[in-house]
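Chemist: Numbering (our numbering), first residue to last: 2 to 285.
1. For residue 203, which option in 10, 75 and 9 has the closest C-alpha, if you only look at C-alpha atoms?
2. Report all residues from its chain with a CB closer than 8 Å to the CB of residue 19; omit the five preceding and five following residues, and keep chain order.
3. How would you call residue 127, buried or exposed, if buried means at least 16 neighbouring beta carbons within 10 angstroms?
4. Tell me whether residue 222 sits in a helix, a strand or coil according to DSSP, three-state version.
5. Whole angstroms are fine: how far does the CA of residue 137 sit from the CA of residue 188?
6. Taking just the CA atoms, how far does residue 201 sit from residue 64?
7. How close, in whole Å, do the beta carbons of residue 223 and residue 40 come, if the pair is a contact with beta carbons under 8 Å?
8. Tell me the residue span of the beta strand (DSSP E) that contains residue 17.
9. What number of angstroms, rounded off, separates the C-alpha of residue 37 from the C-alpha of residue 140?
10. Can you tell me which of the three DSSP states residue 181 falls into?
11. Assuming residue 207 contacts residue 54 under a Cβ cut-off of 8 Å, what Cβ separation, rounded to an integer in Å, is found between them?
12. Nearest CA to the CA of residue 133: which residue from 169, 150, 33 and 49?
13. Which value, in whole angstroms, describes the spacing of the CA atoms of residue 59 and residue 14?
14. Whole angstroms is fine: what's the gap from residue 28's alpha carbon to residue 213's?
15. Skipping 5 residues on each side, what residues in its chain have a beta carbon closer than 7 Å to that of residue 277?
16. Please state the DSSP three-state secondary structure of residue 217.
17. Can you give me the C-alpha to C-alpha distance between residue 160 and residue 198, rounded to a whole angstrom?
18. So what's residue 54 in DSSP terms, helix, strand or just coil?
19. Hey, out of 48, 153 and 205, whose CA is closest to residue 146's CA?
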(Lines of atoms letter the chains of each structure in order from A and count residues from 1; the text may use other names and numbers.)
(Lines give C-alpha, C1' and ligand atoms only; values in the text may rest on other atoms or scores of the structure.)
Protein backbone atom coordinates (compact mmCIF):
# COMPACT_ATOMS: atom_id res chain seq x y z
CA UNK A 1 0.00 0.00 0.00
CA UNK A 2 2.85 2.43 0.83
CA UNK A 3 6.44 2.51 -0.32
CA UNK A 4 9.27 5.04 -0.28
CA UNK A 5 11.94 4.94 -2.97
CA UNK A 6 14.26 7.04 -5.12
CA UNK A 7 13.77 7.78 -8.80
CA UNK A 8 15.33 10.42 -11.08
CA UNK A 9 16.81 12.30 -8.11
CA UNK A 10 13.42 12.38 -6.37
CA UNK A 11 12.27 10.65 -3.21
CA UNK A 12 8.86 9.16 -4.03
CA UNK A 13 6.21 8.60 -1.35
CA UNK A 14 3.77 6.27 -3.11
CA UNK A 15 0.37 4.98 -1.96
CA UNK A 16 -1.90 2.51 -3.74
CA UNK A 17 -5.55 2.22 -2.66
CA UNK A 18 -7.87 -0.39 -4.12
CA UNK A 19 -11.07 1.38 -3.08
CA UNK A 20 -12.48 4.46 -1.35
CA UNK A 21 -13.25 2.31 1.68
CA UNK A 22 -9.62 1.27 1.96
CA UNK A 23 -8.51 4.89 1.63
CA UNK A 24 -10.87 6.18 4.33
CA UNK A 25 -9.97 3.32 6.68
CA UNK A 26 -6.30 4.15 6.25
CA UNK A 27 -6.89 7.81 7.11
CA UNK A 28 -8.89 6.87 10.21
CA UNK A 29 -6.33 4.40 11.55
CA UNK A 30 -3.07 6.31 11.23
CA UNK A 31 -1.62 9.17 13.22
CA UNK A 32 -0.14 12.53 12.32
CA UNK A 33 3.51 12.31 11.23
CA UNK A 34 6.29 13.95 13.21
CA UNK A 35 6.72 16.66 10.57
CA UNK A 36 3.12 17.84 11.07
CA UNK A 37 2.83 17.35 14.82
CA UNK A 38 1.75 20.57 16.54
CA UNK A 39 1.15 22.30 13.19
CA UNK A 40 -1.98 23.89 11.74
CA UNK A 41 -3.60 20.90 9.98
CA UNK A 42 -5.24 22.00 6.73
CA UNK A 43 -7.28 18.81 6.49
CA UNK A 44 -9.24 19.78 9.60
CA UNK A 45 -8.95 23.58 9.53
CA UNK A 46 -9.62 24.37 5.86
CA UNK A 47 -12.51 26.80 5.37
CA UNK A 48 -15.70 26.08 3.44
CA UNK A 49 -14.92 28.40 0.54
CA UNK A 50 -11.68 26.51 -0.13
CA UNK A 51 -12.94 22.96 0.47
CA UNK A 52 -16.75 23.08 -0.06
CA UNK A 53 -17.20 21.09 3.18
CA UNK A 54 -17.63 22.26 6.77
CA UNK A 55 -15.39 19.59 8.33
CA UNK A 56 -13.05 16.69 7.66
CA UNK A 57 -15.76 14.30 8.85
CA UNK A 58 -18.22 15.70 6.32
CA UNK A 59 -15.66 15.22 3.55
CA UNK A 60 -15.21 11.56 4.53
CA UNK A 61 -18.96 10.99 4.62
CA UNK A 62 -19.53 12.56 1.20
CA UNK A 63 -16.62 10.64 -0.29
CA UNK A 64 -18.10 7.34 0.90
CA UNK A 65 -21.67 8.16 -0.17
CA UNK A 66 -20.74 9.72 -3.51
CA UNK A 67 -23.40 12.40 -3.24
CA UNK A 68 -23.31 16.13 -2.63
CA UNK A 69 -25.51 19.13 -3.37
CA UNK A 70 -23.27 19.91 -6.35
CA UNK A 71 -23.95 16.48 -7.90
CA UNK A 72 -27.06 17.81 -9.66
CA UNK A 73 -24.96 20.58 -11.18
CA UNK A 74 -22.53 17.98 -12.47
CA UNK A 75 -25.34 16.12 -14.24
CA UNK A 76 -26.64 19.37 -15.73
CA UNK A 77 -23.20 20.28 -17.10
CA UNK A 78 -22.61 16.75 -18.31
CA UNK A 79 -25.85 16.67 -20.30
CA UNK A 80 -25.08 20.08 -21.79
CA UNK A 81 -21.68 18.86 -22.91
CA UNK A 82 -23.08 15.59 -24.28
CA UNK A 83 -25.27 17.59 -26.69
CA UNK A 84 -22.18 19.44 -27.88
CA UNK A 85 -20.08 16.34 -28.54
CA UNK A 86 -20.91 14.58 -31.79
CA UNK A 87 -19.86 10.95 -32.16
CA UNK A 88 -19.17 9.09 -35.38
CA UNK A 89 -19.55 5.38 -34.76
CA UNK A 90 -17.44 3.35 -37.17
CA UNK A 91 -16.92 0.25 -35.12
CA UNK A 92 -19.54 -1.76 -37.04
CA UNK A 93 -19.32 -2.66 -40.74
CA UNK A 94 -22.28 -4.27 -42.51
CA UNK A 95 -21.71 -7.03 -45.10
CA UNK A 96 -23.49 -9.91 -46.83
CA UNK A 97 -23.12 -13.38 -45.31
CA UNK A 98 -24.75 -16.82 -45.21
CA UNK A 99 -26.03 -16.01 -41.72
CA UNK A 100 -26.85 -12.71 -40.03
CA UNK A 101 -29.28 -10.53 -38.16
CA UNK A 102 -31.59 -9.54 -41.08
CA UNK A 103 -32.35 -10.67 -44.67
CA UNK A 104 -31.06 -8.80 -47.71
CA UNK A 105 -34.20 -8.97 -49.87
CA UNK A 106 -32.44 -7.88 -53.09
CA UNK A 107 -29.75 -10.56 -52.71
CA UNK A 108 -32.43 -13.18 -51.94
CA UNK A 109 -34.45 -12.36 -55.09
CA UNK A 110 -31.27 -12.53 -57.17
CA UNK A 111 -30.62 -16.03 -55.85
CA UNK A 112 -27.46 -15.03 -54.02
CA UNK A 113 -26.78 -17.61 -51.25
CA UNK A 114 -25.16 -14.83 -49.19
CA UNK A 115 -28.55 -13.16 -48.65
CA UNK A 116 -28.25 -12.23 -44.97
CA UNK A 117 -26.88 -8.98 -43.50
CA UNK A 118 -24.25 -9.33 -40.83
CA UNK A 119 -22.02 -6.93 -38.92
CA UNK A 120 -18.32 -7.09 -38.25
CA UNK A 121 -17.18 -5.58 -35.01
CA UNK A 122 -13.67 -4.25 -34.67
CA UNK A 123 -11.63 -5.38 -31.69
CA UNK A 124 -11.69 -2.99 -28.78
CA UNK A 125 -8.73 -0.66 -28.54
CA UNK A 126 -7.41 0.31 -25.13
CA UNK A 127 -7.01 3.91 -23.98
CA UNK A 128 -5.27 4.89 -20.75
CA UNK A 129 -6.39 8.15 -19.14
CA UNK A 130 -4.48 9.53 -16.14
CA UNK A 131 -6.41 12.04 -14.05
CA UNK A 132 -4.46 14.07 -11.50
CA UNK A 133 -7.04 15.08 -8.90
CA UNK A 134 -4.55 17.40 -7.19
CA UNK A 135 -4.82 21.14 -7.89
CA UNK A 136 -3.00 24.30 -6.88
CA UNK A 137 -4.41 26.49 -4.12
CA UNK A 138 -5.66 29.26 -6.42
CA UNK A 139 -7.73 26.95 -8.61
CA UNK A 140 -11.47 27.62 -8.25
CA UNK A 141 -14.16 25.08 -7.45
CA UNK A 142 -15.71 25.70 -10.89
CA UNK A 143 -12.43 24.81 -12.59
CA UNK A 144 -12.27 21.57 -10.61
CA UNK A 145 -15.87 20.69 -11.45
CA UNK A 146 -15.60 21.50 -15.16
CA UNK A 147 -12.38 19.52 -15.58
CA UNK A 148 -14.04 16.52 -13.93
CA UNK A 149 -17.19 16.77 -16.06
CA UNK A 150 -15.13 17.04 -19.25
CA UNK A 151 -13.11 13.94 -18.32
CA UNK A 152 -16.23 11.90 -17.54
CA UNK A 153 -17.64 12.84 -20.96
CA UNK A 154 -14.39 11.88 -22.67
CA UNK A 155 -14.48 8.45 -21.02
CA UNK A 156 -18.12 7.87 -22.01
CA UNK A 157 -17.53 9.07 -25.57
CA UNK A 158 -14.54 6.76 -26.04
CA UNK A 159 -16.46 3.79 -24.62
CA UNK A 160 -19.32 4.46 -27.06
CA UNK A 161 -16.73 4.36 -29.85
CA UNK A 162 -15.81 0.84 -28.68
CA UNK A 163 -12.63 1.81 -26.83
CA UNK A 164 -11.75 0.08 -23.59
CA UNK A 165 -10.93 2.92 -21.19
CA UNK A 166 -8.62 2.48 -18.22
CA UNK A 167 -9.24 5.53 -16.01
CA UNK A 168 -6.40 6.07 -13.53
CA UNK A 169 -7.26 8.53 -10.75
CA UNK A 170 -4.33 9.76 -8.70
CA UNK A 171 -2.80 12.77 -6.97
CA UNK A 172 0.77 13.89 -7.50
CA UNK A 173 2.46 16.88 -5.91
CA UNK A 174 6.07 17.80 -5.20
CA UNK A 175 8.15 19.79 -2.74
CA UNK A 176 11.89 20.18 -3.33
CA UNK A 177 13.19 16.65 -3.94
CA UNK A 178 10.11 14.80 -2.64
CA UNK A 179 7.06 13.66 -4.60
CA UNK A 180 3.83 12.60 -2.91
CA UNK A 181 1.92 10.20 -5.19
CA UNK A 182 -1.31 8.36 -4.36
CA UNK A 183 -3.32 6.25 -6.82
CA UNK A 184 -6.90 5.09 -6.40
CA UNK A 185 -8.35 2.09 -8.23
CA UNK A 186 -11.89 3.42 -8.70
CA UNK A 187 -12.68 2.22 -12.24
CA UNK A 188 -11.34 -0.98 -13.72
CA UNK A 189 -10.77 -1.25 -17.44
CA UNK A 190 -13.93 -3.19 -18.34
CA UNK A 191 -16.09 -1.68 -15.60
CA UNK A 192 -18.97 0.61 -16.55
CA UNK A 193 -18.56 4.27 -15.66
CA UNK A 194 -20.17 5.00 -12.27
CA UNK A 195 -20.59 8.79 -12.16
CA UNK A 196 -21.83 8.93 -8.59
CA UNK A 197 -18.84 6.91 -7.39
CA UNK A 198 -16.35 9.07 -9.30
CA UNK A 199 -17.95 12.47 -8.63
CA UNK A 200 -16.23 13.22 -5.33
CA UNK A 201 -12.65 12.15 -6.24
CA UNK A 202 -12.79 13.90 -9.62
CA UNK A 203 -15.01 16.94 -9.13
CA UNK A 204 -15.05 17.96 -5.46
CA UNK A 205 -12.25 20.10 -3.93
CA UNK A 206 -12.40 18.32 -0.56
CA UNK A 207 -11.03 15.09 -1.99
CA UNK A 208 -7.69 16.80 -2.42
CA UNK A 209 -7.95 19.69 0.02
CA UNK A 210 -9.09 17.63 3.00
CA UNK A 211 -8.64 13.88 2.42
CA UNK A 212 -5.38 13.85 0.44
CA UNK A 213 -4.06 16.65 2.65
CA UNK A 214 -4.73 14.35 5.61
CA UNK A 215 -2.84 11.56 3.85
CA UNK A 216 0.16 13.87 3.58
CA UNK A 217 -0.13 14.81 7.23
CA UNK A 218 0.07 11.10 8.08
CA UNK A 219 2.96 10.22 5.74
CA UNK A 220 5.89 9.23 7.94
CA UNK A 221 8.64 10.10 5.42
CA UNK A 222 7.33 13.55 4.52
CA UNK A 223 9.63 16.47 5.29
CA UNK A 224 8.79 19.69 7.10
CA UNK A 225 9.08 21.53 3.77
CA UNK A 226 5.48 20.49 3.06
CA UNK A 227 3.98 22.22 6.11
CA UNK A 228 3.20 25.67 4.69
CA UNK A 229 1.79 24.94 1.24
CA UNK A 230 1.34 21.14 1.20
CA UNK A 231 3.35 20.92 -2.01
CA UNK A 232 3.02 22.05 -5.62
CA UNK A 233 0.81 20.08 -7.99
CA UNK A 234 2.95 18.26 -10.57
CA UNK A 235 2.62 19.29 -14.20
CA UNK A 236 2.17 17.04 -17.22
CA UNK A 237 5.89 16.76 -17.96
CA UNK A 238 6.67 15.57 -14.43
CA UNK A 239 3.78 13.09 -14.44
CA UNK A 240 4.99 11.48 -17.67
CA UNK A 241 8.50 11.29 -16.29
CA UNK A 242 7.66 9.74 -12.92
CA UNK A 243 5.00 7.31 -14.17
CA UNK A 244 6.90 6.27 -17.34
CA UNK A 245 3.78 6.74 -19.45
CA UNK A 246 3.44 5.63 -23.05
CA UNK A 247 3.14 8.17 -25.83
CA UNK A 248 -0.53 7.31 -26.41
CA UNK A 249 -1.54 7.76 -22.76
CA UNK A 250 -3.78 10.77 -22.11
CA UNK A 251 -3.05 12.98 -19.10
CA UNK A 252 -5.69 15.18 -17.54
CA UNK A 253 -3.36 17.61 -15.82
CA UNK A 254 -3.72 20.89 -13.95
CA UNK A 255 -6.75 22.95 -15.07
CA UNK A 256 -4.59 25.96 -15.90
CA UNK A 257 -2.37 23.80 -18.16
CA UNK A 258 -5.47 22.74 -20.10
CA UNK A 259 -6.93 26.30 -20.13
CA UNK A 260 -9.97 25.18 -18.14
CA UNK A 261 -11.21 28.39 -16.50
CA UNK A 262 -14.54 27.25 -14.99
CA UNK A 263 -16.75 29.91 -16.61
CA UNK A 264 -18.17 28.08 -19.65
CA UNK A 265 -18.27 24.28 -19.94
CA UNK A 266 -18.25 24.32 -23.76
CA UNK A 267 -15.26 26.66 -24.00
CA UNK A 268 -13.45 24.68 -21.33
CA UNK A 269 -14.14 21.45 -23.23
CA UNK A 270 -12.79 22.94 -26.47
CA UNK A 271 -9.64 24.04 -24.67
CA UNK A 272 -9.21 20.65 -22.99
CA UNK A 273 -9.67 18.78 -26.29
CA UNK A 274 -7.15 21.08 -27.98
CA UNK A 275 -4.65 20.42 -25.20
CA UNK A 276 -5.10 16.65 -25.53
CA UNK A 277 -4.71 16.90 -29.31
CA UNK A 278 -1.48 18.84 -28.80
CA UNK A 279 -0.29 16.04 -26.49
CA UNK A 280 -0.83 13.66 -29.38
CA UNK A 281 0.68 15.97 -32.01
CA UNK A 282 3.93 16.24 -30.07
CA UNK A 283 4.33 12.48 -30.29
CA UNK A 284 3.84 12.24 -34.05
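A virtual CB, placed ideally from N, CA and C, is assigned to each residue, including glycine.
Modeler: Let me spell this out:
1. 75
2. 186
3. Label assigned to residue 127: exposed.
4. coil
5. 25 Å
6. 6 Å
7. Not quite, the Cβ-Cβ distance comes to about 12 Å (not below 8 Å), so this is no contact.
8. Residue range 11 to 18 is occupied by the beta strand (DSSP E) that includes residue 17.
9. 24 Å
10. Secondary structure at residue 181: strand, using DSSP grouped into helix, strand and coil.
11. 4 Å
12. 169
13. 27 Å
14. 9 Å
15. For residue 277, where only same-chain residues beyond five positions count, the Cβ hits under 7 Å are 251.
16. helix
17. C-alpha separation (whole angstroms): 18 Å.
18. coil
19. 205
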